[in-house]
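*Asks:*
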Amino acid sequence: MKINSPLVSAWVGRGNFGDELLAYGLRLEFYRTQSVEAVTYYEKGEAEIYHDVNEPSIAWLNVADGGRLSRLRKRYFQSYKSYDGLFFGGGSILHSANSIAWKHEVLRRYRKGRASSKSLVSAVGVSIGPFPDIHAERQVVAFLKELDIVHCRDTASFDFVRQLDVGGEIINGIDLAFSVKALRPDLFVSNVKTDRVGASFILNPKLLLAEQEEQFSKMLSLVNYLTMSGSEVLLVSLYSGAKYADDRLHRRLRESAKHPERVLLHDYQGDLQGTIAQISSCSFYLSMRLHGLVTAYLAGVPIMPLNRHPKVLEFCSAIGSETGGCDFSMPLDEILRSLQNRLSNKVSDYFSFGDSGYYSSADAFSAAIDGV
Numbered sequence: 234m235k236i237n238s239p240l241v242s243a244w245v246g247r248g249n250f251g252d253e254l255l256a257y258g259l260r261l262e263f264y265r266t267q268s269v270e271a272v273t274y275y276e277k278g279e280a281e282i283y284h285d286v287n288e289p290s291i292a293w294l295n296v297a298d299g300g301r302l303s304r305l306r307k308r309y310f311q312s313y314k315s316y317d318g319l320f321f322g323g324g325s326i327l328h329s330a331n332s333i334a335w336k337h338e339v340l341r342r343y344r345k346g347r348a349s350s351k352s353l354v355s356a357v358g359v360s361i362g363p364f365p366d367i368h369a370e371r372q373v374v375a376f377l378k379e380l381d382i383v384h385c386r387d388t389a390s391f392d393f394v395r396q397l398d399v400g401g402e403i404i405n406g407i408d409l410a411f412s413v414k415a416l417r418p419d420l421f422v423s424n425v426k427t428d429r430v431g432a433s434f435i436l437n438p439k440l441l442l443a444e445q446e447e448q449f450s451k452m453l454s455l456v457n458y459l460t461m462s463g464s465e466v467l468l469v470s471l472y473s474g475a476k477y478a479d480d481r482l483h484r485r486l487r488e489s490a491k492h493p494e495r496v497l498l499h500d501y502q503g504d505l506q507g508t509i510a511q512i513s514s515c516s517f518y519l520s521m522r523l524h525g526l527v528t529a530y531l532a533g534v535p536i537m538p539l540n541r542h543p544k545v546l547e548f549c550s551a552i553g554s555e556t557g558g559c560d561f562s563m564p565l566d567e568i569l570r571s572l573q574n575r576l577s578n579k580v581s582d583y584f585s586f587g588d589s590g591y592y593s594s595a596d597a598f599s600a601a602i603d604g605v
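This is how it looks when you write it as structure tokens:
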């Protein structure tokens with residue numbers, strides 16, 4: 234079938250660079266193969282959704298700013314008859330029990346509202362798990378079994394879905410950020426400043442105060458090491474939402490640095506192109522956030538992950554990176570030693586679309602839509 238008016242469930246309008254990058258990648262794939270007149274999001278946050286000037290219109294059904302009961306009442310009476318496809322993704326959207334449960338409810342209401350019309354329901358560019366408990370895992374299995382297409386962004390997710398009897402088509406795909414690189418290569422034009430090192434840090438608010446201070450101290454030591462070595466440090470905050478305040482963390486780091494005059498700040502505030510340009514200007518980039526690493530990789534910037542989350546490790550493995558994973562649970566001297574080794578050999582991981590799997594991923598997704 235052909236898609237003209239898709240309804241999308243994604244984490245948009247939340248001040249999160251990575252999620253906006255993935256949302257834009259999915260829209261670009263729609264524009265590439267479908268006659269899309271408008272894209273509607275099931276829900277957005279209070280921030281703006283990134284919208285390129287050349288895109289068709291973007292709309293939304295709900296805004297996550299009202300009381301829970303009023304939102305539930307409004308959603309109950311919403312009609313989905315005008316949408317010919319429901320898409321979940323991309324990103325890490327299927328992990329917690331609550332996250333899966335409300336998506337499953339949206340799916341059921343969508344199917345019920347279009348009972349007499351042909352429709353498509355797909356998860357696209359998603360990673361699945363890790364799950365906090367067996368209850369969440371059982372919920373996602375039930376959810377996946379009702380989908381027509383499951384397009385996974387990593388091999389671990391694909392292997393998990395493939396072992397299930399889901400019925401729909403399963404695609405071993407790739408992260409939707411690769412779609413942005415493929416279809417908007419102008420956004421990744423290199424303008425490297427040789428003495429600039431980029432960094433994106435996170436401070437988990439769930440950590441005990443003593444643990445937070447220990448991690449902050451290690452972050453500050455990295456910033457001081459770089460500036461005292463003659464580098465200009467660009468702190469790039471990629472999420473300034475309610476849970477993680479990367480921008481405030483970076484301001485505190487600059488205020489505490491030994492050479493604050495060598496520390497620059499850039500905050501993602503809805504300008505996807507501007508943040509990609511800032512990351513692309515770095516000669517080296519270390520990040521705790523996955524899509525900081527992905528963006529730097531796509532821009533040809535050497536990377537060093539500061540997070541050993543499974544999704545980060547999966548990405549590094551997929552691109553054949555020899556970069557050893559670090560995180561702030563490690564002793565500071567080990568982190569510094571790894572950083573020194575990487576800085577002494579600033580070689581970016583080789584990237585080519587022919588080897589990346591982008592074309593097979595995008596074509597398989599397009600063919601799956603046509604085949605429904």
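For what it's worth, my numbering labels the leading residue of the sequence shown as 234, then goes sequentially. C-beta atoms are modelled at their ideal positions from N, C-alpha and C, and glycine is treated no differently.
Just to confirm before moving on: does the CB-CB distance between residue 406 and residue 601 stay below 8 Å?
*Replies:* Walking along the sequence shown from the start, residue 406 turns up at place 173. Walking along the sequence shown from the start, residue 601 turns up at place 368. Not in contact: residue 406 and residue 601 (Cβ atoms no closer than 8 Å).
*Asks:* If we count the other Cβ atoms within 10 Å of its Cβ and call it buried at 16 or more, is residue 368 buried or exposed?
*Replies:* As a position in the sequence shown, residue 368 is number 135, starting the count at 1. By the neighbour-count rule (16 or more Cβ atoms within 10 Å), residue 368 is not buried but exposed.
*Asks:* Looking at the secondary structure, which residues open and close the alpha helix (DSSP H) in which residue 335 lies?
*Replies:* Counting from 1 along the sequence shown, the entry for residue 335 is found at position 102. Residue 335 -> alpha helix (DSSP H) spans 330-346.
*Asks:* Does the pairing of the region 338-358 with the region 372-388 give three or more beta-carbon distances under 8 Å?
*Replies:* Yes, they touch.
*Asks:* Throw me the rounded Cβ distance for the residue 324 and residue 244 pair, which I believe falls under 8 Å.
*Replies:* Taking the first residue of the sequence shown as position 1, residue 324 is located at position 91. Taking the first residue of the sequence shown as position 1, residue 244 is located at position 11. So it is a contact: roughly 7 Å between Cβ atoms.
*Asks:* Inspect the beta-carbon positions of residue 531 and residue 410 and report whether they are closer than 8 Å.
*Replies:* Along the sequence shown, one-based indexing puts residue 531 at 298. Along the sequence shown, one-based indexing puts residue 410 at 177. Yes, Cβ-Cβ distance for residue 531 and residue 410 is below 8 Å.
*Asks:* With burial defined as no fewer than 16 other Cβ atoms inside 10 Å of the residue's Cβ, what is the status of residue 262: buried or exposed?
*Replies:* Here residue 262 refers to the residue found at position 29 of the sequence shown. Its Cβ being crowded by 16 or more others within 10 Å, residue 262 is buried.
*Asks:* Distance check for residue 524 and residue 479, CA to CA, integer angstroms please.
*Replies:* As a first step, residue 479 is located in the sequence shown; it is residue number 246 there, counting from the start. As a first step, residue 524 is located in the sequence shown; it is residue number 291 there, counting from the start. Each residue's alpha carbon lies about 14 Å from the other.
*Asks:* Check residue 537 in the structure and name its three-state DSSP category.
*Replies:* For the purposes of this step, residue 537 is taken as residue 304 along the sequence shown, with counting starting at 1. Reduced to three states, the DSSP call for residue 537 is strand.
*Asks:* Quick one, are the C-beta atoms of residue 520 and residue 429 less than 8 Å apart?
*Replies:* As a first step, residue 520 must be located in the sequence shown, where it is residue number 287. As a first step, residue 429 must be located in the sequence shown, where it is residue number 196. Not in contact: residue 520 and residue 429 (Cβ atoms no closer than 8 Å).
*Asks:* So, at 6 Å on beta carbons, what are the nonlocal neighbours of residue 337 in its own chain, with the 5 sequence-adjacent residues on each side left out?
*Replies:* Against the sequence shown, residue 337 aligns to sequence position 104. Hits under 6 Å: 376.
*Asks:* Pop quiz: residue 498 and residue 481 are said to be a contact at Cβ under 8 Å. What is the actual Cβ separation, rounded to whole angstroms?
*Replies:* Residue numbering aside, residue 498 sits at position 265 when the sequence shown is read from its first letter. Residue numbering aside, residue 481 sits at position 248 when the sequence shown is read from its first letter. Actually they do not touch by this definition, with Cβ atoms about 11 Å apart.
*Asks:* Going by C-alpha distance, which of 362, 298, 310 is nearest residue 329?
*Replies:* Taking the first residue of the sequence shown as position 1, residue 329 is located at position 96. Comparing Cα-Cα distances from residue 329 to each of 362, 298, 310, the minimum goes to 362.
*Asks:* Which runs of the alpha helix (DSSP H) at least 4 residues long sit entirely within the region 567-597? Give them in chain order.
*Replies:* You should have 586-589.
*Asks:* From which residue to which residue does the beta strand (DSSP E) around residue 431 run?
*Replies:* Locating residue 431 in the sequence shown gives position 198, where the first residue counts as 1. Where residue 431 is concerned, the enclosing beta strand (DSSP E) stretches over 429-433.
*Asks:* For residue 499, write down the residues that DSSP places opposite it in a beta bridge.
*Replies:* Within the sequence shown, numbered from 1, the residue matching residue 499 stands at position 266. Residue 499 is bridged to 469.
*Asks:* For residue 255, which residues of its own chain have a beta-carbon under 8 Å away from its beta-carbon, when the five flanking residues on both sides are left out?
*Replies:* Reading the sequence shown from its first residue, position 22 is the one you call residue 255. Correct list, in chain order: 243, 322, 323, 324, 358, 408, 409, 410, 524.
*Asks:* Rounding to the nearest angstrom, what Cα-Cα distance links residue 315 and residue 353 in this structure?
*Replies:* If you number the sequence shown from 1, residue 315 lands on position 82. If you number the sequence shown from 1, residue 353 lands on position 120. When rounded, the distance between both Cα atoms is 13 Å.
*Asks:* When the Cβ atoms of the region 577-585 are set against those of the region 450-467, are three or more pairs found closer than 8 Å?
*Replies:* No, the region 577-585 is not in contact with the region 450-467.
*Asks:* Just to confirm, are residue 267 and residue 291 a CB contact at a threshold of 8 Å?
*Replies:* Numbered from its first residue, the sequence shown carries residue 267 at position 34. Numbered from its first residue, the sequence shown carries residue 291 at position 58. The answer is no: Cβ separation not under 8 Å.
*Asks:* From residue 401 to residue 440, what distance separates their C-alpha atoms?
*Replies:* On the sequence shown, position 168 is the one that residue 401 refers to. On the sequence shown, position 207 is the one that residue 440 refers to. C-alpha separation (whole angstroms): 40 Å.
*Asks:* Please work out which residues of its chain come closer than 7 Å, Cβ to Cβ, to residue 199, disregarding the five sequence neighbours upstream and downstream, and give them in chain order.
*Replies:* Look at the range of the chain in this structure, 234 to 605, and you will see that residue 199 is not part of it.
*Asks:* Hey, residue 264 and residue 295: beta-carbon distance below 8 Å or not?
*Replies:* Walking along the sequence shown from the start, residue 264 turns up at place 31. Walking along the sequence shown from the start, residue 295 turns up at place 62. No.
*Asks:* Can you tell me which of 544, 518, 586 puts its alpha carbon nearest to the alpha carbon of residue 573?
*Replies:* Position 340 of the sequence shown holds residue 573. Residue 573 has its Cα closest to that of 518, out of 544, 518, 586.
*Asks:* In terms of residue numbering, what span does the alpha helix (DSSP H) encompassing residue 403 cover?
*Replies:* Translated into the one-based positions of the sequence shown, residue 403 becomes position 170. Run containing residue 403: none in the alpha helix (DSSP H); it sits in the beta strand (DSSP E), 402-405.
*Asks:* According to DSSP, is residue 517 part of a helix, a strand, or is it coil?
*Replies:* The count along the sequence shown starts at 1 and reaches residue 517 at position 284. In the structure shown, residue 517 sits in a strand (DSSP, three-state: E or B).
*Asks:* Leaving out five residues before and five after residue 605 in sequence, what residues of the same chain have Cβ atoms less than 7 Å from its Cβ?
*Replies:* Position 372 of the sequence shown holds residue 605. Around residue 605: 234, 353, 381.
*Asks:* Among 378, 350, 473, 260, which one has its Cα closest to the Cα of residue 247?
*Replies:* Within the sequence shown, residue 247 is the residue found at index 14, counting from 1. Minimum Cα distance to residue 247 is reached at 473.
*Asks:* Under 8 Å: do the region 442-457 and the region 411-421 share three or more Cβ pairs, one atom per stretch?
*Replies:* No, they do not touch.
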